[in-house]
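See below for the structure under consideration.
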Amino acid sequence: MSVDTKALYNIGYGLYVITTNDGTKHNGMICNTVTQQTSTPALVSVTINKANYTCEIIQKTGELNVNCLTVKAPFSVFEKFGFASGRDTDKFAGEEVKTSQNGLVVLDKYINSFMSLKVQQSIDLGTHIMFICEVTEAEVVDNTETMSYAYYHKNVKPKPKAQQSLGYMCKICGYVYNGETLPEDFVCPVCKHPASDFEPVE
Ligand code: FE
39 MSVDTKALYN IGYGLYVITT NDGTKHNGMI CNTVTQQTST PALVSVTINK
89 ANYTCEIIQK TGELNVNCLT VKAPFSVFEK FGFASGRDTD KFAGEEVKTS
139 QNGLVVLDKY INSFMSLKVQ QSIDLGTHIM FICEVTEAEV VDNTETMSYA
189 YYHKNVKPKP KAQQSLGYMC KICGYVYNGE TLPEDFVCPV CKHPASDFEP
239 VE
């Protein structure tokens, strides 16, 4: 028996911006692990890495919004919400934001729906926490298709330049590390993902 981890890449995902508020400022992060689990009542699970500031905020407040990104979302949305931490940056600084009834941000662009969630239970998965949530508010705001992870990889993430023939590319943000071997403890300087998220540039 063998486990080809590439098989797991064939599980389909959508891409979402999770918005929260730590009591002093709004925050947002990119997430692909949002799934509806039951319909009566509607329960939605969201799984977040414990290293993310958002995880800490949700544990503290029990509240979050899911903003469903559409295929129109440009790479800049992923840079803004995916490649920096709310621990040291204010991702909505100087912006006039729209909020739902729970006071959390609803993005004004590039989403087709949002839902406000309240945590019912948390499951510790080691590196991540899975939050099982009830839906307290939800609205469809546009009919553009949801962006899938596959669509992001194919159409949104920058392509490596032809002359960068030797090295490893970050599968998350497209950053290219030039060199014959990628150090095991390498961390992407752009999106902070580990060496395991890099693949050789052909
Ligand atoms: Fe990266």
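All residue numbers in the sequence shown are consecutive under our numbering, ending with 240.
All C-beta atoms in this analysis are idealised placements derived from N, C-alpha and C, irrespective of residue type, glycine included.
*Given G124, which residues of its chain have a CB within under 6 Å of its CB, disregarding the five upstream and five downstream residues?*
Within the same chain, G124 has close Cβ partners N65 and Y91.
*With 16 as the cutoff for other CB atoms within 10 Å, does S234 come out buried or exposed?*
Looking at its Cβ environment, which holds fewer than 16 other Cβ atoms inside 10 Å, S234 is exposed.
_Distance between beta carbons of C229 and G120, contact taken as under 8 Å_ = Between the beta-carbon of G120 and that of C229 there is about 6 Å, and that keeps the pair under the 8 Å contact cut.
_Let's see if you can read the secondary structure: which residues bound the beta strand (DSSP E) around E237?_
F236 to P238 is the span of the beta strand (DSSP E), which, as asked, contains E237.
*What do you get for T108, buried or exposed, if any count of 16 or more other CB atoms within 10 angstroms of its CB means buried?*
Buried.
*In the DSSP assignment, find the alpha helix (DSSP H) that holds S114 and state where it starts and stops.*
For S114, the enclosing alpha helix (DSSP H) has its first and last residue at F113 to G120.
*How about V157 and G100: do their beta carbons lie closer than 8 Å?*
The answer is yes: Cβ separation under 8 Å.
*asked:* Give the residues whose C-beta lies closer than 6 Å to at least one heavy atom of the ligand FE, in chain order.
replied: This selection yields C208, I210, C211, Y213, C226, V228, C229 and H231.
_Within a Cβ cutoff of 7 Å, which residues of the same chain sit near P232, ignoring the five residues on either side of it in sequence?_
Shown here for P232: same chain residues with a beta carbon closer than 7 Å to its own, the five before and five after excluded, namely V225 in chain order.
*asked:* Within a Cβ cutoff of 6 Å, which residues of the same chain sit near A176, ignoring the five residues on either side of it in sequence?
replied: Only M153 meet the Cβ criterion.
*asked:* Suppose contacts are defined by Cβ-Cβ distances below 8 Å. Is V82 in contact with C69 by that definition?
replied: Taking the C-beta atoms as reference points, C69 is found no nearer than 8 Å to V82.
*So, helix, strand or coil for Q139, using DSSP?*
Of the three classes helix, strand and coil, the one that applies to Q139 here is coil, per DSSP.
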